[in-house]
Amino acid sequence: MELNSRKGTLAMQKQGGLWKPLPSTEISFPVGEDGGRMVKATCHQPCAYNLANGSVCRVLDSCHCHHAHANRPREAIKVNLAARNTYRVCFCFRRRFKLAVAEVPDEIKALFDLYSANGIMTADHIHRFLIEVQKQEKATFEEAQSIVESLKHLSLFHRKGLHLEAFFKYLFGDTNPPLDLKLGVHHDMTAPLSHYFIYTGHNSYLTGNQLSSDCSDVPIINALKKGVRVIELDIWPNSDKDDVEVLHGRTLTTPVQLIKCLRSIKEHAFTASEFPVVITLEDHLTPDLQAKVAQMVTQTFGDILFTPGSECLKEFPSPESLKRRIIISTKPPKEYLEAKEIKDKESDSKGNAASDEEAWGKEIPILKGHILADDKNESDKDDDDAEEDLDEGDHKLQHDIAPEYKRLIAIHAGKPKGGLDECLKVDPDKVRRLSLSEQQLEKAAETHGKEIVRFTQRNILRVYPKGTRVNSSNYNPLIGWMHGAQMVAFNMQGYGRSLWSMQGMFRANGGCGFVKKPSFLLKSGPHGEVFDTKAKLPMQKTLKVKIYMGEGWFYDFQHTHFDAYSPPDFYVRSNPSLAFHQKSHVLVMAKALLRSVAMQDFTVGIAGVPADTVMKKTRALEDSWIPFWNEEFEFPLTVPELALLRIEVHEYDMSEKDDFGGQTCLPVWELREGIRAVPLHDRKGERYKCVKLLVRLEFV
1 MELNSRKGTL
11 AMQKQGGLWK
21 PLPSTEISFP
31 VGEDGGRMVK
41 ATCHQPCAYN
51 LANGSVCRVL
61 DSCHCHHAHA
71 NRPREAIKVN
81 LAARNTYRVC
91 FCFRRRFKLA
101 VAEVPDEIKA
111 LFDLYSANGI
121 MTADHIHRFL
131 IEVQKQEKAT
141 FEEAQSIVES
151 LKHLSLFHRK
161 GLHLEAFFKY
171 LFGDTNPPLD
181 LKLGVHHDMT
191 APLSHYFIYT
201 GHNSYLTGNQ
211 LSSDCSDVPI
221 INALKKGVRV
231 IELDIWPNSD
241 KDDVEVLHGR
251 TLTTPVQLIK
261 CLRSIKEHAF
271 TASEFPVVIT
281 LEDHLTPDLQ
291 AKVAQMVTQT
301 FGDILFTPGS
311 ECLKEFPSPE
321 SLKRRIIIST
331 KPPKEYLEAK
341 EIKDKESDSK
351 GNAASDEEAW
361 GKEIPILKGH
371 ILADDKNESD
381 KDDDDAEEDL
391 DEGDHKLQHD
401 IAPEYKRLIA
411 IHAGKPKGGL
421 DECLKVDPDK
431 VRRLSLSEQQ
441 LEKAAETHGK
451 EIVRFTQRNI
461 LRVYPKGTRV
471 NSSNYNPLIG
481 WMHGAQMVAF
491 NMQGYGRSLW
501 SMQGMFRANG
511 GCGFVKKPSF
521 LLKSGPHGEV
531 FDTKAKLPMQ
541 KTLKVKIYMG
551 EGWFYDFQHT
561 HFDAYSPPDF
571 YVRSNPSLAF
581 HQKSHVLVMA
591 KALLRSVAMQ
601 DFTVGIAGVP
611 ADTVMKKTRA
621 LEDSWIPFWN
631 EEFEFPLTVP
641 ELALLRIEVH
651 EYDMSEKDDF
661 GGQTCLPVWE
671 LREGIRAVPL
681 HDRKGERYKC
691 VKLLVRLEFV
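The numbering of the sequence shown is the UniProt record's numbering, which starts it at 1 and goes up by one.
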């Protein structure tokens, strides 16, 4: 039988009472508004087809054959999937590999048999499956019915249920993510600001490194669109000292006008979230320019600018009460801060080398309750890292501040005179913001861990990268979060594993940029006891993660992206020490002549408190665009409220550096149990169109 429609032509055959496309049938169909462009693809897996619908695109969809190239120019439209699995060898030979098909894992088949009758899964079956396997206790029959309706085009003669292929497509589809996107903002947003982790940027105006990149409003816009709620601006006089610019002072960075940044913030502040945006100002201005800034801010933001009624707040307002408001936070300014040396930046050769960060980011250091090895030789002086070390007791500076500028400051920042004990003292009559570098926090946590937790129950702690991170790299954010720090400031252009963890944290609570802190960081015991970050805690639960398979690289990457001589060999990376997978039976000479051994492997693990942090690795699979790992891992958790599930896929190469194949990071406390399709992201955190993993998540 041959099916003809305006969408194209497809050869069909009858099997088991169902009409199915012939295996390895080449399909040609027009695309585009005028139908003038032709796409060719080969169907390698027979499946049922809806004759009444007449859409060849549906057939490709059900066969896991995508036509993602339909929007490319006419000369690039003709796509032959088999040709994409052919590789050149020794200049004059070609080697063709078998095109992999996304076959249903045996465990999925067994579940289908259990929750179906006569090869068909009805809405009643799906409803029971959602409750018992997917642990969606509140799932309704209407939800199950909608799943059937969305996939009924795949079941030609069984419109009231799903066959195995359609069920598999549902599990591996975009409607079955690991986080419940329908929840939206679901945390209590009526508590004070100090009760939340807040998505915070550092030097938000920089496009690249900290010393010579351009300053622009574009990174600010991008950050706001991704849900960042705290924007930092360093404000300086221009060369004529009659206007205000934003730049990283005393470096080679090119400035951008402050008014341009303010207007961009107003335009994009609430694109991704309606909750407040905090602008932290690092002020290097004279009083007359402060007055000019006050005028700019007032005129730009108008009624959406939050100004407190009193000089200092007794308690921070809630995110709910500050919806669609702009908040200014800064320290009492200093008139032309003395030039501070950047010798630490110039002498730290490590800071200038991007190395692993360019690939996929250095491994996040595991906190062991002591200062990390690479920090031990850093200078102990606050000058080296102090962005906000002005003493509040400097009466001269208080006198110099422009009064109209001072009235704008809603969240006061600064360090009291004295040592760490004074900095962390809690004042019952007012709240404030304290800033510490990552290095200062690590040192403070050694001796004042409980005091930091107690301080952050009412006040705001901001942590920022140490000055030697001139390449805009980042640090382990968990050191801040586990001590209750609300503003863990990150370089949003510093792509790598640390930033992936930050992105993972703020996927929680609907991606609104505010995540309610765990209750143990907010409560005190009857005798004033607070959470002890060094205490040995009992295991609360175990997260079991089973990795079935992955697909989508074939459509999101050029076929020679990972390997010029063969399909990729992916693995899931689990442990930094397991970076090399030995294959003694493959000769290097043979590899050079015939193909590069590209193996896919996969790493999965937990980023959290030190006791929970671990990474594990799958075996590497050879020459497959659709790897089937079928491996299970267990992760005991002592503090699941601060745990992030990290997943990375890499492509192993014996003679070269492993290639990056995707990553994701997910908040453990918001994971949905059951079999889920986990989409992967690129190094910048942008989601791939097709690449995803099929995993099973379970808490025991």
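Ideal Cβ placement from N, Cα and C applies to all residues, glycine included.
Rounded to the nearest angstrom, how far is the Cβ of residue i from that of residue j, given a contact under 8 angstroms?
{"i": "Gly496", "j": "Ser473", "result": "7 angstroms"}
{"i": "Gly231", "j": "Val246", "result": "Correcting the residue identity first, residue 231 is Ile in this sequence and not Gly. Contact doesn't hold; Cβ gap of about 10 angstroms is too wide."}
{"i": "Ala445", "j": "His483", "result": "6 angstroms"}
{"i": "Ile279", "j": "Leu206", "result": "Not confirmed; about 16 angstroms, so no contact."}
{"i": "Trp553", "j": "Gly661", "result": "6 angstroms"}
{"i": "Ala413", "j": "Lys331", "result": "4 angstroms"}
{"i": "residue 702", "j": "Gln486", "result": "Lying before the first or after the last residue shown, residue 702 is absent from the chain, which here runs from 1 to 700."}
{"i": "Val515", "j": "Pro178", "result": "The pair is not a contact, with the Cβ atoms about 17 angstroms apart (cut-off 8 angstroms)."}
{"i": "Ile328", "j": "Leu281", "result": "7 angstroms"}
{"i": "Lys546", "j": "Arg696", "result": "4 angstroms"}
{"i": "Val293", "j": "Val256", "result": "Rounded, the Cβ-Cβ distance is 15 angstroms, inconsistent with contact."}
{"i": "Leu694", "j": "Ile675", "result": "7 angstroms"}
{"i": "Met549", "j": "Phe628", "result": "5 angstroms"}
{"i": "Leu164", "j": "Val104", "result": "6 angstroms"}
{"i": "Leu424", "j": "Ile452", "result": "6 angstroms"}
{"i": "Thr251", "j": "Gln210", "result": "7 angstroms"}
Whose C-alpha, out of the options, is nearest the C-alpha of residue i?
{"i": "Phe129", "options": "Trp629, Leu111, Glu142, Leu697", "result": "Leu111"}
{"i": "Ser150", "options": "Phe141, Leu162, Thr613", "result": "Leu162"}
{"i": "Phe506", "options": "Cys261, Ala272, Lys266", "result": "Ala272"}
{"i": "Val604", "options": "Asn203, Ala117, Glu634", "result": "Glu634"}
{"i": "Arg462", "options": "Tyr199, Lys135, Asp106", "result": "Tyr199"}
{"i": "Glu274", "options": "Ser321, Lys292, His284, Thr307", "result": "Ser321"}
{"i": "Asp180", "options": "Ala535, Arg458, Lys135", "result": "Lys135"}
{"i": "Asp556", "options": "His681, Lys417, Ala191, Val470", "result": "His681"}
{"i": "Ala535", "options": "Val609, Ile547, Gly525", "result": "Val609"}
{"i": "Lys260", "options": "Asp429, Cys215, Asp303", "result": "Cys215"}
{"i": "His125", "options": "Lys160, Trp669, Glu103, His153", "result": "Lys160"}
{"i": "Glu143", "options": "Gly201, Ala123, Glu132, Lys152", "result": "Ala123"}
{"i": "Arg683", "options": "Arg432, Gln257, Val649", "result": "Val649"}
{"i": "Phe270", "options": "Pro237, Thr456, Val228", "result": "Val228"}
{"i": "Lys430", "options": "Leu313, Asn491, Glu551, Lys241", "result": "Leu313"}
{"i": "His248", "options": "Ser239, Ser213, Lys292", "result": "Ser213"}
{"i": "His284", "options": "Glu673, Glu315, Pro319, Pro237", "result": "Pro237"}
{"i": "Lys616", "options": "Ile626, Pro627, Phe602", "result": "Phe602"}
{"i": "Ser498", "options": "Gly510, Arg324, Gly480, Gly513", "result": "Gly480"}
{"i": "Leu644", "options": "Leu183, Val668, Gln663, Ile626", "result": "Val668"}
{"i": "Lys241", "options": "Gln457, Pro287, Gln299", "result": "Pro287"}
{"i": "Glu698", "options": "Thr542, Thr447, Ala620, Asn630", "result": "Thr542"}
{"i": "Leu621", "options": "Glu651, Asp188, Met189, Val297", "result": "Glu651"}
{"i": "Leu642", "options": "Asp612, Ile626, Ser624", "result": "Asp612"}
{"i": "Ile147", "options": "Asn176, Ser501, Val133, Leu537", "result": "Asn176"}
{"i": "Glu442", "options": "Pro465, Ala607, Gln457, Lys657", "result": "Pro465"}
{"i": "Gly467", "options": "Asn459, Lys450, Ala489", "result": "Ala489"}
By DSSP's criteria, residue i is part of a beta bridge. Which residues make up the other side?
{"i": "Met121", "result": "Leu162"}
{"i": "Gln257", "result": "Glu245"}
{"i": "Phe557", "result": "Paired residues: none, contrary to the question."}
{"i": "Leu671", "result": "Leu179"}
{"i": "Arg676", "result": "Val695"}
{"i": "His284", "result": "None, per the DSSP bridge assignment."}
{"i": "Arg687", "result": "His681"}
{"i": "Val277", "result": "Ile326"}
{"i": "residue 773", "result": "Not covered by the structure: residue 773. The range shown for the chain is 1 to 700."}
{"i": "Thr664", "result": "Ile647"}
From the beta carbon of residue i, is the nearest beta carbon of chain D less than 9 angstroms away?
{"i": "Pro679", "result": "In the structure shown, chain D cannot be found, because there is only a single protein chain."}
Report task. Inspect the CB distances between the segment 159–176 and the segment 434–454 and report whether three or more fall short of 8 angstroms. Result -> Proximity of the segment 159–176 to the segment 434–454 falls short of the contact definition, fewer than three beta-carbon pairs being nearer than 8 angstroms.
**Report entry** Ranges of the beta strand (DSSP E) found wholly within the segment 487–546, counting only runs of at least 3
**Finding:** List check, beta strand (DSSP E) in window: 487–490, 514–516.
Query - Cβ contact check for the segment 261–276 and the segment 211–228: 3 or more pairs under 8 angstroms - result: The segment 261–276 makes contact with the segment 211–228, as at least three CB pairs between them are under 8 angstroms.
Report task. Could you tell me whether the segment 637–645 touches the segment 139–147, where touching means 3 or more Cβ pairs closer than 8 angstroms? Result -> Not touching, per the Cβ criterion.
**Report entry** Entirely enclosed beta strand (DSSP E) segments - the segment 410–494, minimum 3 residues
**Finding:** Those beta strand (DSSP E) runs which fall completely within the segment 410–494 and span 3+ residues are 433–437, 460–464, 487–490.
Query raised in the report: Which full runs of the alpha helix (DSSP H) of 4+ residues lie inside the segment 606–649, going along the chain?
Result: Contiguous alpha helix (DSSP H) elements confined to the segment 606–649 do not occur, taking only those with 4 or more residues.
Query raised in the report: Do the segment 304–315 and the segment 404–411 make contact, defined as three or more Cβ pairs closer than 8 angstroms?
Result: These segments touch.
**Report entry** beta strand (DSSP E) segments (min. 3 residues) lying fully within the segment 294–320
**Finding:** Secondary structure within the segment 294–320: not one fully enclosed beta strand (DSSP E) run of 3 or more consecutive residues is present.
**Report entry** Contact between the segment 519–537 and the segment 689–699 (3+ Cβ pairs under 8 angstroms)
**Finding:** Segment contact: the segment 519–537 against the segment 689–699, fewer than three CB-CB distances shorter than 8 angstroms; contact not assigned.
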